[in-house]
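Below: one structure, written as structure tokens.
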Amino acid sequence: MTAPSLAAAPPALTGRRNLEGNEACALGAIRAGCRFFAGYPITPSSEVAETMARELPKVGGTFIQMEDEIASMGAVIGASMGGVTAMTATSGPGFSLKQENLGYACGAEIPCVIVNVMRGGPSTGMPTRPAQGDILQARWGTHGDHAVIVLAPASVGEAYSETIRAVELSETLRVPVVVLLDEVIGHLTETVDLGAVPETPGIARPFATGPREGFLPYAETADLVPPMPRPGDGYRSHCTGLTHGPDGFPTQNPAVAAAALTRTTDKLVLHRARIESWREQATEDADLLIVAIGISARAARQAVKDLRAEGLKVGLFRPVTLWPFPETPLREAVAAAGTRKVLVPEMNQGQLVLEVERVLAGRAEVAGLSRIDGETLTPDEIAGAAREALK
Amino acid sequence: MKDTKTESAASFDVNDYLRQDRMPHFLCPGCGHGIALRALLWAVHEQGIPKDRLAVVSGIGCSGRLSAYIDANTFHTTHGRPLTFATGLKLARPDLHVIVITGDGDCLAIGGNHLIHACRRNLDITCVMLNNEIYGMTGGQVSPMTAEGRFTTTTPEGNTEPNFDACALAAAAGASFVGREVTAQVLALKTLLGQAIAHEGFSFVEVLSDCTEIYGRKNDLGASPEMMLAKKSAMRPYAYRNTVDVPFRPNALRTGVLTRTDRPEYGAAWRAMAARIRNEEH
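See below:
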């Protein structure tokens, strides 16, 4: 079994292609070495599964449509336990169903990528309409304290490159990574240069290679990422969702339990520089800063251009890594520009704004802008709210 | 004639397959799960499966805790979902022998849908369901396999729901190997588990275990030997079919190999299809 590598990209995945966001996610995953996909049909994410069903057999991978969302999450974790890079895709209701097994992957540190194409909720909601209502579910959907990474692409090109990054982060840090699209990005068609992908040197998972005797599957290493034993390599270790010590077996020893849980969350703090990603537009002197993700950030980008043309000092801060939230970069952008006001447009009743308020803690006046009717926020709406805030 | 039974018994030491540092185990005195575990490891031994190639996937409950005692690649997963983890693992790693250990609650209640579809798909996994008719780990609640009238903590006046035949369900859903045995017949159980492991395709084995401490005590079923003998007497080997004892034991459950069919194994079928696609591409 060879480690997944960008160099081993299939020849079909080159050149400029017109793709929709969901297809780009699937092709990005394959480009990054994903060779297993389990899923269940759900609007508006089904094209990820359909693309995987078509493309994975060509590269020696495995696709399976499972009996439900829970099963597909279980199968993905099972494949990953076997040493194969694995992904699933879903939308709100399915994402809710996957949460228990997602928590297992957090606790047992099993790499996996979950694409969640957000639609209107709660419950069945508006399956074909866009929303951004899963911002907090993506962070806190499973029970208990846990570490998880969430990436939020705002274009088809980013759906491709961020899914590659999702695989890389998941494999190298042994943590589940959620690729959080909204329905618009998932179904938007744009041109993507499949070849223009930076070579990521460390995409391969750290597999255990040392002595079998006395092997500790969850040993505390310097980088806090324990090398993963691959079945068949002779380690014969145990893996459980129960709180476990370095030996992988359940423990109720308070000191061991606390240390084990703390390591999995400290891991993301230690590697924060690699995980964090954000984009800034005209932030240098911004009186008002817009913070937005996904399609709302696309609308905000136009709003910034329009407002700048009017002479208003408005900028855009777009977290690409949504969780862990790029808090220091946001604070620095606000401090550097002397920003007075922050506007957070989002397609929910106010989720991202809570994090922005927490991060800025009074450094600037924060206001939200919500839309929950199944329509996207328009540049004019955002510009109007910005003008109002700057009055 | 070679006495293979004695030979196997002599060469098999269950301690070779157990993680000694995990002992003592946590099972209650009289619990049938230990017998089932021994029979399973004996069958693994007889099938000549190297421990490095053995993957044991378990769910949640008393049965789920057994994987931790086995010196192999072991995965203690989520409640009701071990078959889903095992499906991903086996598809990703066809070189591994994947055995699922599950319980009646894990497999038939919360995990019932996964069982049906694992049977239908016919991926080469051996599913061993330890049926003790109760949720033991959580303190003795009613399970889909609890008999009518039985007392549990959630049926204080007696169970008013019927239980059902898990083997009939598995066979109807397409499992290509289905069998049932009691822990009182450890040699027969070992043989059945060996046949299930050797079978190419999805195999389902129901092991009639006993929960003496919680279920037996609450229903005044006696200690472990009494419970096991009662189960044994309620069984009728499938080989007898509809012969002599039918009029006398009308409700007897059948044991032994109940279903064995030869249909395509899912993993092989998928790989053949994928290989054909790759060849067409080139």
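For the protein sequence lines, the chains are B and E, in the order given. With this note's numbering, the residue at position 15 of the first sequence is 15, and numbering never jumps. To convert a position in the second sequence, counted from 1, into this note's numbering, add 391. Glycine included, C-beta positions come from ideal geometry on N, C-alpha and C. What you are looking at is a predicted structure, and each value in this text was computed from that prediction instead of being measured.
Euclidean distance between Cα positions of residue i and residue j
i, j, result
"Gly-350(B)", "Ile-185(B)", "20 Å"
"Lys-58(B)", "Ala-665(E)", "7 Å"
"Glu-55(B)", "Thr-85(B)", "15 Å"
"Ser-600(E)", "Thr-62(B)", "37 Å"
"Lys-313(B)", "Ala-299(B)", "17 Å"
"Pro-4(B)", "Ala-166(B)", "Because the pLDDT of Pro-4(B) is 41, which lies under 50, any placement of that residue in the model is unreliable, and the number read from its coordinates should be weighed accordingly. When rounded, the distance between both Cα atoms is 14 Å."
"Arg-371(B)", "Leu-343(B)", "14 Å"
"Gly-607(E)", "Met-618(E)", "7 Å"
"Arg-662(E)", "Val-178(B)", "29 Å"
"Ala-303(B)", "Phe-476(E)", "47 Å"
"Ala-219(B)", "Thr-582(E)", "40 Å"
"Ile-507(E)", "Ala-561(E)", "7 Å"
"Arg-308(B)", "Glu-284(B)", "13 Å"
"Arg-301(B)", "Thr-376(B)", "14 Å"
"Gly-234(B)", "Ser-80(B)", "17 Å"
"Ala-361(B)", "Ile-516(E)", "54 Å"
"Ala-383(B)", "Asn-101(B)", "41 Å"
"Pro-553(E)", "Gly-540(E)", "9 Å"
Amino acids of chain E, ordered along the chain, whose beta-carbon sits closer than 9 Å to that of residue i
i, result
"Gly-141(B)", "What Gly-141(B) touches in chain E: nothing, since even the nearest Cβ is about 15 Å away."
"Arg-114(B)", "Just to set this straight, residue 114(B) is Ile in the shown sequence, not Arg. Within chain E, no residue comes near Ile-114(B); the closest Cβ sits about 14 Å away, beyond 9 Å."
"Ala-38(B)", "Thr-475, Thr-478, Gly-479, Leu-482"
"Glu-100(B)", "Thr-469, His-470, Arg-472"
"Gly-74(B)", "Thr-468, Thr-469, Arg-472, Pro-473, Leu-474, Thr-475, Phe-476, Ala-477, Thr-478, Gly-479, His-505"
CB contact below 7 Å: residue i versus chain B
i, result
"Asp-556(E)", "no"
"Glu-604(E)", "no"
"Asn-464(E)", "yes"
"Arg-654(E)", "no"
"Asp-443(E)", "yes"
"Ile-668(E)", "yes"
"Glu-672(E)", "yes"
"Ala-459(E)", "yes"
"His-508(E)", "yes"
"Ala-446(E)", "yes"
"Arg-541(E)", "no"
"Arg-608(E)", "no"
"Leu-499(E)", "no"
Beta carbon proximity, residue i to chain E, threshold 7 Å
i, result
"Met-81(B)", "yes"
"Glu-57(B)", "The displayed chain sequence assigns Pro, not Glu, to residue 57(B). So yes, Pro-57(B) belongs to the interface."
"His-238(B)", "yes"
"Pro-217(B)", "no"
"Ile-23(B)", "What sits at residue 23(B) in the sequence shown is Glu, not Ile. Glu-23(B) does not count as touching chain E."
"Ile-77(B)", "yes"
"Asn-253(B)", "no"
"Val-256(B)", "no"
"Thr-62(B)", "yes"
"Ser-213(B)", "Residue identity check: residue 213(B) is Glu in the sequence provided, not Ser. Output row for Glu-213(B): interface = no."
"Tyr-160(B)", "no"
"Thr-2(B)", "Note that Thr-2(B) has pLDDT 39, beneath the 50 cutoff, so the model's placement of it is unreliable and no number is given."
Sheet register partners of residue i (DSSP bridge)
i, result
"Lys-341(B)", "Leu-288(B), Glu-365(B)"
"Cys-518(E)", "Val-491(E), Phe-595(E)"
"His-238(B)", "Thr-465(E)"
"Leu-216(B)", "Per DSSP, none; premise fails for Leu-216(B)."
"Met-618(E)", "The partner list for Met-618(E) (beta bridge, DSSP) is empty, contrary to what the question assumes."
"Ala-38(B)", "Ile-64(B)"
"Cys-422(E)", "None, per the DSSP bridge assignment."
Cβ-Cβ separation, residue j to residue i (assumed contact under 8 Å), whole Å
i, j, result
"Ile-295(B)", "Pro-127(B)", "No, Ile-295(B) and Pro-127(B) are not in contact; Cβ-Cβ is about 17 Å, not under 8 Å."
"Gly-479(E)", "Ile-77(B)", "7 Å"
"Thr-339(B)", "Ala-286(B)", "5 Å"
"Leu-188(B)", "Gly-21(B)", "5 Å"
"Ala-89(B)", "Val-48(B)", "4 Å"
"Tyr-526(E)", "Gly-549(E)", "About 17 Å; that fails the 8 Å criterion."
"Ile-492(E)", "Ser-458(E)", "6 Å"
"Leu-584(E)", "Val-519(E)", "7 Å"
Residues that residue i contacts on chain B, provided the C-beta gap is smaller than 7 Å
i, result
"His-505(E)", "Glu-67, Ala-71"
"Trp-433(E)", "Those do not exist, as Trp-433(E) stays about 19 Å from chain B at its closest Cβ, beyond 7 Å."
Within chain B, partners of residue i - CB distance below 8 Å
i, result
"Met-664(E)", "Pro-57"
"Asp-486(E)", "Gly-232"
"Thr-582(E)", "Under the 8 Å cutoff, chain B gives no residues; its nearest Cβ is about 26 Å from Thr-582(E)."
Per-residue contacts from residue i into chain E (C-beta, under 8 Å)
i, result
"Ile-42(B)", "Near Ile-42(B) there are no residues of chain E at all, since even the closest Cβ is about 17 Å away, more than 8 Å."
"Gly-133(B)", "Going along chain E, no residue has its Cβ under 8 Å from Gly-133(B), so there is no contact; the nearest lies around 25 Å."
"Leu-242(B)", "His-467"
"Phe-249(B)", "Arg-413, Ala-459"
Chain-ordered chain B contacts of residue i [CB-CB under 9 Å]
i, result
"Arg-627(E)", "Those within 9 Å of Arg-627(E) in chain B number zero; the least Cβ separation is about 33 Å."
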